[in-house]
Amino acid sequence: MQRDTPVVPGEFLYLKHLAISFVAWSSGFCPDYDYLSLVSFLDACPALDTFELSVSQDSMDHALFSGGPLRQMTGHHHNNLKDVIISGFCSAKSMVELTSHILENATSLERLVLDPGASDVRGCNDESTSCRPISRRMVTEARRAFSMVQNYILGKVPSTVELTVVEPCTRCHGALA
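The sequence shown begins at 2 in the working numbering and counts up by one.
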């Protein structure tokens, strides 16, 4: 089952900051949700300089992505996009495709932050003794997403782009393999 992403009606010529949040607490998103379709929002905002995508859910059921060709959307350029933050970066193929698209078509990109675990597995702070408890399944997904960054994203990051990848807390959720 595939869910349609709404098409943006018209353009937002002066919009500079766009934040999109997906929250699902019980059943999660459709495993084949097409994150690449969010490019239509970037296209509708030609002055956009900051894009934030936040994906938060208790469980993720994405099919394992074991390589193969990534889809590309040609003819889309995001000339003013400087800052991109993806919280809840996951191992879905379409999430990798969206991130690759941004790297290849945002000519002014200065900073890309990928947070595979969102705040759920981020690290402990000085005031707490441990991270918020999460399922083993979500820790596994965060590790898979981190692996996707290493395998499919790192090689595409231009030297002019500051890349930050937030790793799951090794103190609470074990070392990354």
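Cβ atoms here follow ideal geometry from the backbone N, Cα and C, with glycine treated the same way.
Host beta strand (DSSP E) of residue i (start-end)
i: Val114; result: Arg112 to Asp116
i: Leu19; result: His18 to Ala25
i: Asp84; result: Asp84 to Ser88
i: Thr165; result: Glu163 to Val166
Rounded C-alpha distance that separates residue i from residue j
i: Ile21; j: Leu54; result: 5 Å
i: Arg123; j: Gly76; result: Low confidence applies to Arg123: its pLDDT is 48, below 50, so where it sits in the model is not reliable, and the reading given next is rough at best. Between Arg123 and Gly76, the C-alpha separation is close to 36 Å.
i: Val166; j: Ala143; result: 11 Å
i: Asp50; j: Ser160; result: 19 Å
i: Val24; j: Ser41; result: 20 Å
i: Leu113; j: Ile86; result: 6 Å
i: Val45; j: Leu115; result: Checking the sequence, you will find Ala at residue 45 rather than Val. The alpha-carbon atoms of Ala45 and Leu115 are separated by roughly 23 Å.
i: Pro70; j: Lys17; result: 32 Å
i: Leu39; j: Asp84; result: 16 Å
i: Val56; j: Phe90; result: 7 Å
i: Ser81; j: Thr108; result: The question names Ser, but residue 81 in the sequence shown is Asn. When rounded, the distance between both Cα atoms is 7 Å.
i: Ala48; j: Leu19; result: 11 Å
i: Leu14; j: Met74; result: 21 Å
i: Ala93; j: Arg137; result: 18 Å
i: Ser101; j: Gly11; result: 25 Å
i: Phe66; j: Ser148; result: 11 Å
i: His78; j: Leu43; result: 9 Å
i: Arg145; j: Asp33; result: 16 Å
i: Gly68; j: Val150; result: 13 Å
i: Thr141; j: Phe52; result: 27 Å
Unbroken alpha helix (DSSP H) run spanning residue i, endpoints
i: Thr100; result: Lys94 to Asn106
i: Thr141; result: Arg137 to Met149
i: Asp44; result: Val40 to Asp44
Contact set for residue i: own chain, Cβ-Cβ below 8 Å, skip 5 residues either direction
i: Val162; result: Leu104, Leu110, Glu111, Arg112 and Leu113
Contacting residues, own chain, Cβ-Cβ under 7 Å from residue i (five flanking each side not counted)
i: Arg72; result: Leu37 and Glu98
Contacting residues, own chain, Cβ-Cβ under 6 Å from residue i (five flanking each side not counted)
i: Leu164; result: Leu113 and Val158
i: Asn106; result: His77, His78 and His79
Count the CB pairs spanning the segment 95 to 102 and the segment 148 to 166 that are closer than 8 Å, and state whether there are at least three. yes
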